[in-house]
Amino acid sequence: MSKIIAVNAGSSTLKFKLYEMPEENVLAEGVIERIALPASHVEIKYGDGKKYEKTTDVKNHEQAIQILLDQLLDLDIIKEYSEINGVGHRVVAGGEYFDKSVVITPDVLKKIESLTELAPLHEPANVLGIKAFKKVLPDIISVAVFDTAFHATLPEKNFLYSLPYEYYEKYSARKYGFHGISYRYVSQRAAELLGKPAEDLKMIIMHLGAGASICAVKNGKSFDTSMGFTPVTGITMATRSGDVDPSLLAYVMEKEGMTDINEMIKVLNTKSGLLGISGVSADMREVEAAQATNPRAKVAREIYVNRIIRYVGAYLAEMGGADAIVFTAGVGENSITIRKEVAEGLNYFGIGVDNEKNDVRGVVRDISAKDSKIKTLLVPTDEELMIVRDVQTLANK
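Numbering (full-length UniProt numbering), first residue to last: 1 to 397.
Next comes the structure, spelled out in structure tokens:
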């Protein structure tokens with residue numbers, strides 16, 4: 001038996017989940033928030049419903065990891081550091097370097113650092129987490145698991161943009177896609193639910209969280225996906241715009257007196273989406289609560305559903321149908337009404353949900369209506385489990 005920890009480092013957060021392997025038992029999970037900010041918050045869930053919480057000042061990611069490991073000892077979750085045999089890091093962008101998970105070497109880390117432009121909000125934080133763990137636990141196997149790797153199978157017709165080809169040749173300007181760890185897990189779990197090998201199925205998976213995307217999975221491989229060169233494109237998200245005409249951006253920049261494109265990129269990433277349209281919140285629950293009296297909240301929600309239907313419909317046409325559509329991630333797993341409205345918008349294709357089956361949150365379930373031609377599934381994602389499985393596989397090699 002071994003203990004492997006899955007880590008997702010953000011710019012001011014460190015999320016983790018500790019597993020006992022190969023049994024895949026979760027021993028502890030938690031988050032350290034507000035790293036490098038006053039009044040950082042530490043939360044660890046463990047045992048049978050136990051929870052540790054503390055507010056303190058955490059200067060950097062290295063200190064956050066030290067606090068995490070010390071608390072695992074103090075809470076008797078581990079007896080000593082050496083019980084942790086491996087760490088798996090979620091890394092958002094692997095570019096064209098990485099089409100699978102890899103053991104982190106100095107050369108691998110250097111390549112990851114060179115990909116910051118592909119995910120400027122995430123990649124620097126992922127690197128911080130890797131370096132901090134390397135310093136505190138230098139001798140254990142350290143693995144990078146990439147969000148983009150699952151999409152390495154995209155055909156050229158789907159990953160190339162209609163730009164001068166030399167931009168791809170010189171700068172690797174192409175669609176990379178994201179949420180690949182989630183799609184890999186959910187596609188496998190959905191195939192189990194359907195009782196068929198993933199290689200024999202066509203599925204459209206909707207990862208609807210704060211960051212949201214849709215993926216057409218054909219014969220177990222990513223065939224097309226809504227996010228592009230960066231995570232800002234595709235469907236409407238919590239604070240990200242999704243697809244926008246680039247000429248409109250130039251027009252708004254001129255009107256607003258913006259001289260740096262990075263100002264506009266920040267607007268697209270942090271001030272748009274549900275938040276930007278509604279003016280209420282980036283949280284779908286708060287937008288839904290406001291829609292009865294706030295027209296902007298109502299139209300924000302309508303746009304959100306519309307963009308999902310638009311992409312799913314396109315992928316149904318692109319793949320020549322599907323065996324199933326699958327909802328996952330925060331909104332997908334918990335919003336009964338979003339699932340219902342998306343299915344209703346796709347009714348023409350023979351998609352529908354049973355209201356009673358759909359009246360659940362966060363469970364694996366076939367929620368299809370009785371007469372549906374295409375199955376509708378609810379499959380909660382588990383990116384951390386996918387990460388530790390990859391660590392285990394590479395450790396065994």
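Positions of the beta carbon are idealized from the N, C-alpha and C atoms, including for glycine.
If you look at residue 290, you'll find it in the alpha helix (DSSP H) that goes 284 to 290. Burial state of residue 370 is exposed, judged by a 10 Å Cβ sphere holding fewer than 16 other Cβ atoms. Apart from sequence neighbours up to five positions away, the residues of its chain that approach residue 57 with a beta-carbon distance below 8 Å are 38, 39 and 40, ordered along the chain. Straight through space, the alpha carbons of residue 78 and residue 222 are spaced by roughly 38 Å.
Distance from the CA atom of residue 196 to the CA atom of residue 189, rounded to whole angstroms, is 10 Å. When rounded, the separation of the alpha-carbon atoms in residue 107 and residue 91 is 15 Å. According to DSSP, residue 272 shares a beta bridge with no other residue. Taking 8 Å as the cut-off, the Cβ atoms of residue 61 and residue 14 count as close. Between the C-alpha atoms of residue 29 and residue 248 there is a straight-line separation of about 43 Å.
According to the DSSP assignment, residue 70 belongs to the alpha helix (DSSP H) that extends over 61 to 74. The beta-carbon separation of residue 339 and residue 349, rounded to 15 Å, does not stay under the 8 Å limit for a contact. Apart from sequence neighbours up to five positions away, the residues of its chain that approach residue 186 with a beta-carbon distance below 8 Å are 205, 207, 326, 328, 379 and 381, ordered along the chain. The C-beta of residue 161 has fewer than 16 other C-beta atoms within 10 Å across all chains shown, which makes the residue exposed.
CA-CA distance, residue 3 to residue 18, rounds to 7 Å.
The C-beta distance from residue 137 to residue 67 rounds to 14 Å, too long to meet the 8 Å contact threshold. Counting the other Cβ atoms within 10 Å of the Cβ of residue 375 gives 16 or more, which makes it buried. Of 47, 33, 42 and 32, the smallest CA-CA separation from residue 25 is found for 47.
Distances from the CA of residue 150 to each of 95, 165 and 266 were compared; the closest alpha carbon is that of 95.
As summarised for the segment 179 to 260, the continuous beta strand (DSSP E) elements at least 3 residues long and confined to that stretch are 202 to 208, 212 to 218 and 221 to 225, given in chain order. Beta-bridge annotation (DSSP): residue 46 is paired with 28 and 50.
Under the Cβ criterion (8 Å, minimum of three pairs), the segment 234 to 253 does not count as touching the segment 123 to 143. The DSSP-derived three-state label of residue 5 is strand.
For the options 281, 342, 20 and 224, the alpha carbon positioned closest to that of residue 156 is the one of 224. Cβ neighbours of residue 93 within its own chain (closer than 6 Å, five residues either side excluded): 115, 118, 119, 123 and 148.
Taking the CA atoms as reference points, residue 277 sits about 19 Å from residue 310. Rounded to whole angstroms, the gap between the alpha carbons of residue 201 and residue 45 is 37 Å.
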